[in-house]
Amino acid sequence: MSFFGMKNISSAYGKTDVLHGINIEVGQDEIVTLIGSNGAGKSTTLMTIMGIVAKTCGEIIFDNLNITELEPHEIVKRGIVLVPEGRRIFHRLTVEENLRMGAFLFTRHDKSMFDKAFALFPILAERRRQFGGTLSGGEQQMLAIARALMSSPRLLLLDEPSLGIAPKLIERIFEALHKIHEEGTPILLVEQNAKLALEISDRAYVLENGKILISGTSREIACNEDVIKAYLGI
Amino acid sequence: MIKYLKKIREKKGKRWFALALIFALLPLLHLYYPHISFRLFDDRIDFHLGVYSLALLYVALAMGLNLSIGFIGMLDLGFAAFVGIGAYTLAILTNHSTLPFWIFIPVAALTAGFVRMVLGATCLHLRGDYLAIVTLGFGEIFVTLLKNNPGGLTGGPDGIPLSLLRLSLSDLTRFWLAYFFAMLAVWTVYRIKFSRIGRALESIREDEIAAEAMGIPVYRLKLLAYSLGGVIAGGIGALLAVEVGSAHPSNYDFFESARIVAMVVVGGTGSIFGSALGAIGFVFLLEIFRPLAEYRMLIFGAVMVLLMIYRPKGLLETERKRSKKKLSKLDCQK
Chain A
1 MSFFGMKNIS
11 SAYGKTDVLH
21 GINIEVGQDE
31 IVTLIGSNGA
41 GKSTTLMTIM
51 GIVAKTCGEI
61 IFDNLNITEL
71 EPHEIVKRGI
81 VLVPEGRRIF
91 HRLTVEENLR
101 MGAFLFTRHD
111 KSMFDKAFAL
121 FPILAERRRQ
131 FGGTLSGGEQ
141 QMLAIARALM
151 SSPRLLLLDE
161 PSLGIAPKLI
171 ERIFEALHKI
181 HEEGTPILLV
191 EQNAKLALEI
201 SDRAYVLENG
211 KILISGTSRE
221 IACNEDVIKA
231 YLGI
Chain B
235 MIKYLKKIRE
245 KKGKRWFALA
255 LIFALLPLLH
265 LYYPHISFRL
275 FDDRIDFHLG
285 VYSLALLYVA
295 LAMGLNLSIG
305 FIGMLDLGFA
315 AFVGIGAYTL
325 AILTNHSTLP
335 FWIFIPVAAL
345 TAGFVRMVLG
355 ATCLHLRGDY
365 LAIVTLGFGE
375 IFVTLLKNNP
385 GGLTGGPDGI
395 PLSLLRLSLS
405 DLTRFWLAYF
415 FAMLAVWTVY
425 RIKFSRIGRA
435 LESIREDEIA
445 AEAMGIPVYR
455 LKLLAYSLGG
465 VIAGGIGALL
475 AVEVGSAHPS
485 NYDFFESARI
495 VAMVVVGGTG
505 SIFGSALGAI
515 GFVFLLEIFR
525 PLAEYRMLIF
535 GAVMVLLMIY
545 RPKGLLETER
555 KRSKKKLSKL
565 DCQK
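The listed protein sequences derive, respectively, from chains A and B. All the letters of the first sequence, read from the start, carry residue numbers 1 to 234 under the numbering used here. All the letters of the second sequence, read from the start, carry residue numbers 235 to 568 under the numbering used here.
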């Protein structure tokens, strides 16, 4: 059994089924990516893991623990944190407060956590007292990632970190993800930019209409003709 | 002593200190000029201690409502019902027992808090307009219930008179009671706002899904803030009933709710000092324009429209505490 695994998960928004029996595994030292077109269910998969979207069947095992029925805040406490799509930072809270909210469940505000966040993204230290809403898109994404890291997660879920961000900043963000991974945090990455995602990840799943279409190592997937045609646009 | 005062002033509470001092001095002023009055439209307007007590009580109510409107950002249109629950709890209990009335103030507060918790537990998962409609409905049901005099408890459309109780307390006593409880409410809400819980509440207002993803127990915290608003409403409602001299259904209808919402919104949603100013301004203006009777609402309409144009976020924007503490050696290298 791997570090994180979801078995046969289905979920629905009200009466509309979105996921149909998804199986995903993430190892302890892996970056796994989930690619697929709009509406395939990528974000829903992440929201389902966090317990924000209701599951209709299946189970999720994290570190030998069944977390299928847990509330979102209990899941965060076990060490899974989501960086939501579109950043979703708190606009009218300062950068520092945003970071503090990331560590909400871990009441001791460790100085070293701020050290880590500011070392990863020095710009945040400079902007510390500014409102989150006054940052640029790229800086907001950095803040969103740093905020998630404040609780020292054992599995980081990232939803479209490159969405609407300048190419130069995307590079910076992916460098940071690489660093986070090297320091020992496994990552489950959802990304529209399939090329970038396959470059950084170890394994990949291709999702379509709420089902896993293909899975394998990123290199295999990157060479798969269907994937090349559909997602890499070559 | 002077050192201590200086310390308070240096802190963020400078404005609060000034406001609290002004209100603390009002009884003194009243001692020398018992009737501050002027004429408007051939009517005499009289500013007496009762008006100041009323202003203080509404400051506290604005605090209670700010917990839900300002912090979590949910539109609450049935707040007056909980003020009413507090008032009726006190009125019914004092009429049926010989114990001193002040014992029933905490009872009133807890009853209202409990009812609000039950209501919140059933409807807080609703969002935006839907929640507003539920609270609106609850307010209407409450008033209708009062008018129908269930079990002969509420006195029906006549309400329950408390004039004897009112007369047993001097103006000054009632003023200091209001002063104490208003300060208590302000202090409580202030402490919450600048705490970890307060920040979490504001993050729920900013983005509920993100807050959930950060591991903030959204539903629990919402319920906590919502119920606490009920506790404040109940306690202050009891005092308000004593101040007015009766518990009457028409005091707790939709218009009362709307008035308190207006105080918070005019003052600045989320801003504690702003909503306090909103409440004081509202009570004073209502008093000044009393000769216009129901037409004074026209003036408020005009004021609201002007505010929407020139200060859409309210008189004061919400306060942010900027900590000066260094968080990291990398912090602020510039």
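Think of the CB as a built atom: it goes at the ideal place given N, C-alpha and C, for glycine as much as any other residue.
- [ ] Check each candidate in B/Asp-405, B/Ala-445, B/Met-538 and name the one with the smallest Cα separation from B/Phe-260.
- [x] With the sequence shown as reference, residue 260 of chain B is identified as Leu, and Phe is not the correct amino acid for it. Per the Cα distances, B/Asp-405.
Open item on the list: For chain B, check one thing: does any of its Cβ atoms lie closer than 8 Å to the Cβ of A/Met-142?
Closed with: no
- [ ] Could you have a look at B/Phe-348 and say whether DSSP puts it in helix, strand or coil?
- [x] helix
Open item on the list: Looking at the strands, I want to know which residues DSSP matches up with B/Val-495.
Closed with: None; B/Val-495 has no bridge partner.
Task: Collapsed DSSP secondary structure at B/Lys-381 in the structure displayed - done: helix
Task: Start and end residues, alpha helix (DSSP H) containing B/Ser-209 - done: Chain B is shown only over 235 to 568; residue 209 of chain B falls outside these bounds and no answer can be derived.
Task: Within-8 Å CB hit, B/Pro-546 to chain A - done: no
- [ ] Would you mind telling me which residues of chain A sit closer than 8 Å to B/Ala-434, beta carbon to beta carbon, in chain order?
- [x] Met-101, Phe-104
Open item on the list: If the criterion is Cβ atoms closer than 8 Å, does the pair A/Arg-88 and B/Ala-444 meet it?
Closed with: yes
Open item on the list: Tell me which residue opens and which closes the beta strand (DSSP E) that A/Arg-87 is part of.
Closed with: Segment: none, A/Arg-87 is in no beta strand (DSSP E) and carries neither H nor E.
TODO: Work out the CA separation of B/Leu-255 and A/Phe-131 for me, nearest whole Å.
DONE: 33 Å
Open item on the list: Using only CA atoms, which one of B/Ala-481, B/Ile-522, B/Ile-450 lies nearest to B/Leu-380?
Closed with: B/Ala-481
TODO: Kindly indicate which residue of B/Tyr-266, B/Gly-312, B/Ala-252 has the alpha-carbon position closest to the one of B/Gly-463.
DONE: B/Gly-312
Task: Minimum Cβ-Cβ distance from B/Glu-440 to chain A less than 8 Å - done: yes
- [ ] Just the C-alpha distance for A/Gly-58 and A/Glu-191, rounded to the nearest angstrom, thanks.
- [x] 24 Å
Task: Sub-8 Å separation of A/Ala-197 and A/Leu-149 beta-carbons - done: no
Open item on the list: Any contact between the segment 496-512 of chain B and the segment 326-345 of chain B? By contact I mean 3 or more CB pairs, one from each, below 8 Å.
Closed with: no
TODO: Name, in chain order, the residues that DSSP records as bridge partners for A/Thr-45.
DONE: According to DSSP, which records beta bridges pairwise, A/Thr-45 is partnered with nothing at all.
Open item on the list: Across the segment 484-493 of chain B and the segment 357-375 of chain B, are there enough close Cβ pairs to call them in contact, namely three or more that are closer than 8 Å?
Closed with: yes
Task: Opening and closing residue of the beta strand (DSSP E) in which A/Met-6 lies - done: 4-13
Task: Rounded C-alpha distance that separates B/Leu-358 from A/Lys-195 - done: 43 Å
TODO: Please list the partners that B/Ser-437 has in chain C, where partner means a Cβ-to-Cβ separation under 7 Å.
DONE: Going by chain labels, chain C is absent from the structure shown, which instead holds the protein chains A and B.
- [ ] Check the C-beta distance from B/Asn-300 over to B/Gly-504 and give it rounded, since I have them as a contact under 8 Å.
- [x] 7 Å
TODO: Note down, one range per segment and in chain order, each alpha helix (DSSP H) of at least 4 residues found wholly within the segment 311-377 of chain B.
DONE: 313-330, 338-357
Task: Contact list for A/Glu-97 against chain B, beta-carbon separation under 7 Å - done: Arg-433
Open item on the list: For A/Met-142 and A/Glu-126, I'd like the C-alpha separation in whole angstroms.
Closed with: 13 Å
Task: Neighbouring residues, chain B, relative to A/Leu-82 (Cβ below 8 Å) - done: Ala-447
Open item on the list: Less than 8 Å between the C-beta atoms of A/Val-83 and A/Leu-158, yes or no?
Closed with: yes
Open item on the list: Quick check: B/Ser-397 and B/Gly-479, are their CB atoms within less than 8 Å of each other?
Closed with: yes
Open item on the list: With H, G and I counted as helix, E and B as strand and the rest as coil, what does DSSP make of B/Thr-407?
Closed with: helix
Open item on the list: Extract the residue ranges of the beta strand (DSSP E) inside the segment 143-201 of chain A, only unbroken runs of 3 or more that lie entirely within it.
Closed with: 155-159, 187-190
- [ ] Give the straight-line distance between the Cα atoms of B/Ala-366 and B/Gly-469, rounded to the nearest whole angstrom.
- [x] 23 Å
TODO: Could you tell me the distance, in whole angstroms, from the CA atom of B/Ser-402 to the CA atom of B/His-282?
DONE: 18 Å
Open item on the list: Just to check my reading of the structure: B/Glu-477 and B/Gly-284 have Cβ atoms closer than 8 Å, yes? What is that Cβ distance to the nearest angstrom?
Closed with: 7 Å
Task: B/Cys-566, buried or exposed, once every other Cβ within 10 Å from all chains shown has been counted against 16 - done: Its pLDDT being 49, under 50, B/Cys-566 is placed unreliably in this model, and the coordinates cannot settle the point.
Task: Residues that A/Asp-17 bridges to, as DSSP identifies them - done: A/Ala-12
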